[in-house]
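Numbering (this note's numbering), first residue to last: -12 to 267.
The C-beta atom is built at its ideal place from N, Cα and C for all residues, glycine as well.
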């Protein structure tokens, strides 16, 4: 709780002004550090779920949740920043009314949120979240609805991270890897997922041509990972060609370079010697 002067209404007004000042200073600091514009923007729930892939939902009921886990909003993204500090004076009247009630110890109804992984998105109660942050609270009561998604939301910090998640979801629809294979094939550039998806589909087409048998996507994905990806990654490690890339990025690079240099789809010592020379 911030310093109490003994006059709750005046304290509530000061709380709002303090929150606005912190929001402006945070925006200025972001600009001075040259950080992306989206670092202080609340994550939009619809875009997050679209990127991750919606699978279902269930009501969990009343829970106590950490304020720091609330990162987004369903429909009030412009009134508050990522830390739910007010971005203008438009919300001041209602905000101060809630702050006054909190300072007087009045009962505040729980907010409503969606839960995606460990992240929470406000359906109703944006002002209550903002006031709780301003008063230095760590938790808040919430009616929680859990949303299940195709991809794990871990790693989402900013709006820009959704692009990578969206491309990964599309890649896994084209190349339905499972288990360890699914977890290990990771790239950082979203466009690499598109290129890798095309590469695996082309590999699968050649496999079907060679075998004279139609194979579904799941079978091709499993065969590609076991017969192509893992052996190549092992050779890349032995040849010290992974470097600072992820293994999937190294695989994609070396597969493209192999064809450009030698015009072959096979793997042998000549390929790796040419690639070492290329790297130098």
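Inter-residue CB distance, residue i and residue j (contact presumed, cutoff 8 Å)
i           : j           : result
residue 87  : residue 115 : Not really, about 13 Å apart at Cβ, beyond 8 Å.
residue 180 : residue 157 : 7 Å
residue 149 : residue 38  : 4 Å
residue 168 : residue 101 : So it is not a contact: roughly 30 Å between Cβ atoms.
residue 32  : residue 79  : That belief does not hold up - the Cβ atoms of residue 32 and residue 79 are roughly 25 Å apart, past 8 Å.
Outcome for residue i when other beta-carbon atoms lying within 10 angstroms are tallied against a minimum of 16
i           : result
residue 28  : buried
residue 94  : exposed
residue 73  : buried
residue 192 : exposed
residue 201 : exposed
residue 136 : buried
residue 190 : buried
residue 82  : buried
residue 268 : The chain is shown only over -12 to 267; residue 268 falls outside these bounds and no answer can be derived.
Cα-Cα separation between residue i and residue j, rounded to whole angstroms
i           : j           : result
residue 11  : residue -6  : 26 Å
residue -9  : residue 118 : 15 Å
residue 225 : residue 141 : 31 Å
residue 98  : residue 138 : 26 Å
residue 52  : residue 194 : 50 Å
residue 66  : residue 111 : 13 Å
residue 227 : residue 185 : 26 Å
residue 210 : residue 242 : 17 Å
residue -12 : residue 122 : Any reading at residue -12 must be qualified, since the residue scores a pLDDT of 47, below 50, and its modelled position is unreliable; the value itself is stated next. Roughly 5 Å between the two C-alpha positions.
residue 43  : residue 35  : 14 Å
residue 199 : residue 40  : 34 Å
residue 69  : residue 30  : 8 Å
residue 113 : residue 120 : 11 Å
residue 223 : residue 244 : 13 Å
residue 270 : residue 62  : Here the chain comprises residues numbered -12 to 267, so residue 270 is not present and cannot be evaluated.
Coarse secondary structure for residue i, derived from DSSP in three states
i           : result
residue 50  : strand
residue 13  : helix
residue 85  : helix
residue 213 : helix
residue 270 : Outside the shown range of the chain (-12 to 267) lies residue 270, about which nothing can therefore be said.
residue 204 : helix
residue 68  : strand
residue 128 : strand
residue 267 : Below a pLDDT of 50, predicted positions are generally treated as unreliable, and residue 267, at 49, falls in that range; the measurement from the model is reported next regardless. Coil, per DSSP.
residue 147 : coil
residue 34  : helix
residue 198 : helix
residue 184 : helix
residue 73  : strand
residue 45  : strand
residue 59  : strand
residue 244 : helix
residue 102 : strand
residue 93  : coil
residue 232 : coil
residue 173 : coil
residue 219 : helix
residue 162 : coil
Short CB-CB distance (under 8 Å) between residue i and chain C
i           : result
residue 164 : Among the chains of the structure shown, chain C does not appear; only one protein chain is present.
Meets three-Cβ-pair contact criterion under 8 Å: the region 149 to 169 and the region 114 to 134: no
Do the region 49 to 62 and the region 102 to 114 touch if we need at least three Cβ pairs shorter than 8 Å? yes
Quick test of the definition: if touching needs 3 or more C-beta pairs under 8 Å, does the region 166 to 185 touch the region 232 to 243? yes
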